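Heads up: the structure comes next, in structure tokens.
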Amino acid sequence: MNHPRPHPTRPDFDAVIVGAGFAGLYMLHRLREAGFTARVFEAGDGVGGTWYWNRYPGARCDIESVDYSYSFSPELEQAWEWSERYPRQPEILAYLNHVADRFDLRRDIALNTRVTAAHFDQGAGLWRVENDRGGRCTAQYCVMATGCLSVPKAPDLPGIERFAGATYLTAAWPRDGVDFTGQRVGVIGTGSTAIQVIPQVARQAEHLTVFQRTANFSVPARNGPLEAAEQQRVKADYPHRRALSRQSLFGIPVALPDTPRRTRDIPPAELNQTLETLWAQGGAMSLLAAAPDVLVDPEANARVAEFVRGKIRATVSDPRAAELLCPTSHPLGTKRLCLDTDYYETFNRDNVTLVDLRATPVETLTEHGLRTRDAEHRLDALILATGFDAMTGALLAMDIRGRDGRSLREAWADGPHTYLGLASAGFPNLFLITGPQSPSVFTNMVMSIEQHVDWIADCLIYLRARGIRSIEASAPAQAQWEAHVAAVADATLMPQADSWYVGANVPGKPRVFMAYLGGLGPYRQRCDQVAAQGYAGFALTPAAVAV
Ligand SMILES: Cc1cc2nc3c(=O)[nH]c(=O)nc-3n(C[C@H](O)[C@H](O)[C@H](O)COP(=O)(O)OP(=O)(O)OC[C@H]3O[C@@H](n4cnc5c(N)ncnc54)[C@H](O)[C@@H]3O)c2cc1C
45 MNHPRPHPTR
55 PDFDAVIVGA
65 GFAGLYMLHR
75 LREAGFTARV
85 FEAGDGVGGT
95 WYWNRYPGAR
105 CDIESVDYSY
115 SFSPELEQAW
125 EWSERYPRQP
135 EILAYLNHVA
145 DRFDLRRDIA
155 LNTRVTAAHF
165 DQGAGLWRVE
175 NDRGGRCTAQ
185 YCVMATGCLS
195 VPKAPDLPGI
205 ERFAGATYLT
215 AAWPRDGVDF
225 TGQRVGVIGT
235 GSTAIQVIPQ
245 VARQAEHLTV
255 FQRTANFSVP
265 ARNGPLEAAE
275 QQRVKADYPH
285 RRALSRQSLF
295 GIPVALPDTP
305 RRTRDIPPAE
315 LNQTLETLWA
325 QGGAMSLLAA
335 APDVLVDPEA
345 NARVAEFVRG
355 KIRATVSDPR
365 AAELLCPTSH
375 PLGTKRLCLD
385 TDYYETFNRD
395 NVTLVDLRAT
405 PVETLTEHGL
415 RTRDAEHRLD
425 ALILATGFDA
435 MTGALLAMDI
445 RGRDGRSLRE
455 AWADGPHTYL
465 GLASAGFPNL
475 FLITGPQSPS
485 VFTNMVMSIE
495 QHVDWIADCL
505 IYLRARGIRS
515 IEASAPAQAQ
525 WEAHVAAVAD
535 ATLMPQADSW
545 YVGANVPGKP
555 RVFMAYLGGL
565 GPYRQRCDQV
575 AAQGYAGFAL
585 TPAAVAV
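In this text, residue positions in the sequence shown follow this note's numbering: the first is 45, and each later residue adds one.
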């Protein structure tokens with residue numbers, strides 16, 4: 045562990061990093077390699093972030109393992125063996141623990157320590173950081189690796205305190221697992237997480253009731269063991285594969301088409317054949333990557349959406365349940381496109397009931413179950429897959445104060461304001477990894493995280509080499525970036541859906557589209573250009589000048 049420096053005028057650390065998931069771990073590694081001192085604070089009692097907290101049955105990534113993994117170390121790439129195409133949570137957590145050990149990261153990570161406040165001390169030109177264990181330290185830079193989906197949304201269910209059965213939040217699942225054998229279980233929510241949980245619990249529980257408010261589109265994963273020969277093939281091709289991912293739209297190894305063909309111009313039989321092939325191969329991102337204009341062109345979207353609805357109708361034998369499961373409230377892809385194993389098939393089981401909460405809204409939880417307008421459903425256990433306060437939740441949970449004591453909550457009262465999703469005007473020397481208005485959740489996050497970490501580390505090296513004490517996003521550059529992010533989003537169908545991308549799942553949250561949709565490859569070029577121009581759009585202050 046790095047110890048605070050005794051010198052009174054120097055900060056304790058060059059950087060404080062908040063969070064020890066994919067982002068925090070790699071940030072620590074890069075900074076240490078570059079000779080900076082850094083301290084990571086993590087609220088959980090282990091590393092891994094998302095993969096530490098989300099231990100619910102069926103939890104897996106929805107990007108292929110060989111791509112949803114770090115690319116910074118060719119030795120790590122070659123050494124680690126993935127067992128499945130889409131690995132389960134324990135395997136991803138084991139991978140991240142392996143990374144922590146392999147790169148000797150643990151000695152600079154304080155676990156069980158939640159950062160509660162970070163205040164910029166203008167006079168001293170450093171951040172003063174406080175945590176929930178009463179600890180304080182100072183750092184020149186503060187890097188928020190707090191995650192886009194790390195703050196579960198509190199369930200707003202009337203009468204929840206009366207329910208005598210057990211309740212489980214998917215994002216804080218008991219470490220020893222839960223045995224639902226012989227129980228009547230309810231699941232609230234039908235997003236990505238619920239779509240993974242439902243088939244698993246249905247196999248175990250005596251009865252499962254799925255309470256659905258909004259039907260979501262889901263694509264089969266076609267998961268299976270990752271054969272040794274296939275893994276070897278990927279490993280031999282890694283440099284090329286990663287290069288493709290870095291330049292791609294979504295951070296997966298699919299090249300940007302030279303002359304994109306409009307989906308609406310593809311003859312129906314040909315489009316159908318392409319979609320059948322993609323459906324048989326599985327994978328949500330590859331479906332979107334094959335026809336990226338589905339996110340822009342309503343006609344293209346309608347054609348692909350209808351194809352998926354056809355698959356749902358062909359899978360679910362009860363026509364009433366099939367219709368309820370067919371999404372109609374939003375265009376395909378405008379809410380996170382889910383990936384499943386046997387999700388729609390699960391509704392053919394005798395022990396599974398689908399309840400449409402739009403037709404029969406929840407009235408209250410009772411001692412023994414959940415009462416909707418039309419019926420009382422007896423439950424022994426209730427699973428809450430109710431989502432996250434996405435993108436801004438973890439940042440705004442802390443008392444972050446920048447220049448002149450202005451809080452981030454105040455600065456972002458009408459929605460997040462960032463330059464490149466990496467920094468925010470008024471908050472010198474504060475960096476956000478996969479912050480709002482960067483591609484983040486719209487990509488393979490590991491690729492986006494690596495891009496941000498590398499950019500931040502290179503930036504700090506640049507500043508150190510030139511004796512620069514402070515870097516801060518300029519307000520005009522930020523305004524321009526935000527206008528660009530909004531223009532790109534408005535040219536798509538994305539803002540139409542009441543999704544967590546626009547904060548619609550959290551009452552009172554300002555409705556702003558929070559991710560950058562220009563694609564990871566083009567975004568990377570933009571960030572590189574900013575750096576090459578001496579950090580254009582940022583104000584750099586030399587050491588001798590007061591901040
Ligand atoms: C169930 C689930 C499945 C997902 N599947 C995929 C997928 O298949 N593909 C994909 O690309 N992305 C997926 N994601 C997104 C996923 O979050 C990212 O891929 C990635 O794990 C994010 O890493 P991170 O380090 O940025 O954040 P996280 O993994 O969220 O880690 C952030 C850490 O910061 C800590 N923290 C937050 N605030 C504080 C504080 N104030 N003080 C101290 N510690 C703090 C948290 O405890 C957490 O451990 C999924 C997310 C979820 C929830």
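No residue lacks a Cβ here, since even glycine has one placed at the ideal position from N, Cα and C.
Predicted model, so just to flag it, every value in this text is computed and none were measured.
query: Near glycine 226, which residues of its chain fall below 6 Å by C-beta distance, leaving aside the five closest residues on each side in sequence?
result: Walking along the sequence shown from the start, residue 226 turns up at place 182. Hits under 6 Å: Glu250.
Per DSSP, cross-strand counterpart(s) of phenylalanine 255: As a first step, residue 255 must be located in the sequence shown, where it is residue number 211. DSSP links phenylalanine 255 through a beta bridge to Ile232 and Val399.
message: For valine 352, which residues in the same chain have their Cβ closer than 6 Å to its Cβ, ignoring the five residues on either side in sequence?
response: Start at 1 with the first residue of the sequence shown, and residue 352 comes out as number 308. The beta carbon of valine 352 sits closer than 6 Å to the beta carbons of Phe261 from its chain, once the five residues preceding and following it are set aside; these are given in chain order.
- prompt: Between leucine 213 and valine 229, is the Cβ-Cβ spacing less than 9 Å?
  reply: Translated into positions along the sequence shown, residue 213 becomes position 169. Translated into positions along the sequence shown, residue 229 becomes position 185. Taking 9 Å as the Cβ cut-off, leucine 213 and valine 229 do not qualify as a contacting pair.
Rounded C-alpha distance that separates glutamine 166 from leucine 452: Working through the sequence shown from its first residue, we reach residue 166 at position 122. Working through the sequence shown from its first residue, we reach residue 452 at position 408. Rounded to whole angstroms, glutamine 166 to leucine 452 spans 16 Å at the Cα level.
- request: Classify isoleucine 427 as helix, strand or coil using the three-state DSSP reduction.
  value: As a position in the sequence shown, residue 427 is number 383, starting the count at 1. In this structure, isoleucine 427 counts as strand in the three-state DSSP scheme.
- prompt: Between threonine 307 and leucine 300, what straight-line distance do the alpha-carbon atoms span, to the nearest angstrom?
  reply: Against the sequence shown, residue 307 aligns to sequence position 263. Against the sequence shown, residue 300 aligns to sequence position 256. The alpha-carbon atoms of threonine 307 and leucine 300 are separated by roughly 15 Å.
message: Just checking tryptophan 95 against ligand 1 - is the residue's beta carbon closer than 8 Å to any of the ligand's heavy atoms?
response: Translated into positions along the sequence shown, residue 95 becomes position 51. At least one heavy atom of ligand 1 is nearer than 8 Å to the Cβ of tryptophan 95, so yes.
query: Exposed or buried, glutamine 577, counting other C-beta atoms within 10 Å across all chains shown (16 or more means buried)?
result: Against the sequence shown, residue 577 aligns to sequence position 533. Note on glutamine 577: under 16 other CB atoms within 10 angstroms of its CB, so exposed under the neighbour-count rule.
field: Whole-angstrom C-beta distance between isoleucine 500 and phenylalanine 475, which should lie under 8 Å
entry: Here residue 475 refers to the residue found at position 431 when the sequence shown is read from its first residue. Here residue 500 refers to the residue found at position 456 when the sequence shown is read from its first residue. The pair is a contact, with the Cβ atoms about 5 Å apart (cut-off 8 Å).
task: Could you please give the first and the last residue of the uninterrupted alpha helix (DSSP H) stretch that includes glutamine 325?
output: Working through the sequence shown from its first residue, we reach residue 325 at position 281. Per DSSP, glutamine 325 belongs to the alpha helix (DSSP H) from 312 to 325.
task: Whole angstroms is fine: what's the gap from arginine 570's alpha carbon to glycine 465's?
output: The residue given as residue 570 occupies position 526 in the sequence shown. The residue given as residue 465 occupies position 421 in the sequence shown. Rounded to the nearest angstrom, the gap between the Cα atoms of arginine 570 and glycine 465 is 12 Å.
field: Sequence-distant residues of the same chain with beta carbon closer than 7 Å to threonine 408, five excluded per side
entry: The residue given as residue 408 occupies position 364 in the sequence shown. Around threonine 408, the same chain offers Pro202, Gly203 and Arg415 as residues with beta carbons nearer than 7 Å, after the five sequence neighbours per side are excluded.
Cα-Cα separation, alanine 64 to glycine 377: Taking the first residue of the sequence shown as 1, we reach residue 64 at position 20. Taking the first residue of the sequence shown as 1, we reach residue 377 at position 333. Rounded to the nearest angstrom, the two C-alpha atoms are 30 Å apart.
- request: Sort out for me which residues DSSP pairs phenylalanine 66 with in a bridge.
  value: For the purposes of this step, residue 66 is taken as residue 22 along the sequence shown, with counting starting at 1. Paired residues: none, contrary to the question.
message: Could you tell me the alpha carbon to alpha carbon distance between tryptophan 126 and glycine 449, rounded to whole angstroms?
response: Taking the first residue of the sequence shown as position 1, residue 126 is located at position 82. Taking the first residue of the sequence shown as position 1, residue 449 is located at position 405. Across the structure, tryptophan 126 and glycine 449 are spaced so that their CA atoms are roughly 47 Å apart.
- request: Could you round the C-beta distance between phenylalanine 164 and arginine 447 to whole angstroms and report it? I think they count as a contact, below 8 Å.
  value: Position 120 of the sequence shown, counted from the start, is the residue given in the question as residue 164. Position 403 of the sequence shown, counted from the start, is the residue given in the question as residue 447. Sure, about 6 Å apart at Cβ, within 8 Å.
- prompt: So, are the CB atoms of tyrosine 463 and glutamine 540 less than 9 Å apart?
  reply: Indexing the sequence shown from 1 puts residue 463 at position 419. Indexing the sequence shown from 1 puts residue 540 at position 496. In this structure, glutamine 540 does not lie closer than 9 Å to tyrosine 463 by Cβ.
query: Since tryptophan 95 contacts alanine 215 with CB under 8 Å, what's their CB separation in whole angstroms?
result: For the purposes of this step, residue 95 is taken as the residue at position 51 of the sequence shown. For the purposes of this step, residue 215 is taken as the residue at position 171 of the sequence shown. Rounded, the Cβ-Cβ distance is 11 Å, inconsistent with contact.
query: Between leucine 140 and leucine 339, is the Cβ-Cβ spacing less than 9 Å?
result: By 1-based counting over the sequence shown, the position of residue 140 is 96. By 1-based counting over the sequence shown, the position of residue 339 is 295. With respect to leucine 339, leucine 140 sits apart: the two C-beta atoms are not nearer than 9 Å.
- prompt: Based on Cα-Cα distance, which residue from Met538, Glu108 and Thr585 lies nearest to asparagine 345?
  reply: What you label residue 345 is simply residue 301 of the sequence shown in a count that begins at 1. Checked all of Met538, Glu108 and Thr585; the closest Cα to asparagine 345 is Met538.
task: Could you tell me whether the stretch 55 to 72 touches the stretch 177 to 192, where touching means 3 or more Cβ pairs closer than 8 Å?
output: Contact between the stretch 55 to 72 and the stretch 177 to 192 is present, because at least three Cβ pairs lie under 8 Å.
query: Which residues bound the beta strand (DSSP E) around aspartate 384?
result: Start at 1 with the first residue of the sequence shown, and residue 384 comes out as number 340. Note, aspartate 384: beta strand (DSSP E), 382 to 384.
task: Measure the C-alpha to C-alpha separation of asparagine 549 and glycine 79 and round it to an integer number of angstroms.
output: For the purposes of this step, residue 549 is taken as residue 505 along the sequence shown, with counting starting at 1. For the purposes of this step, residue 79 is taken as residue 35 along the sequence shown, with counting starting at 1. One C-alpha to the other measures close to 42 Å.
message: Measuring alpha carbon to alpha carbon, tell me which residue in Glu389, Glu420, Asp384 and Asn392 is nearest leucine 401.
response: Indexing the sequence shown from 1 puts residue 401 at position 357. Comparing Cα-Cα distances from leucine 401 to each of Glu389, Glu420, Asp384 and Asn392, the minimum goes to Glu420.
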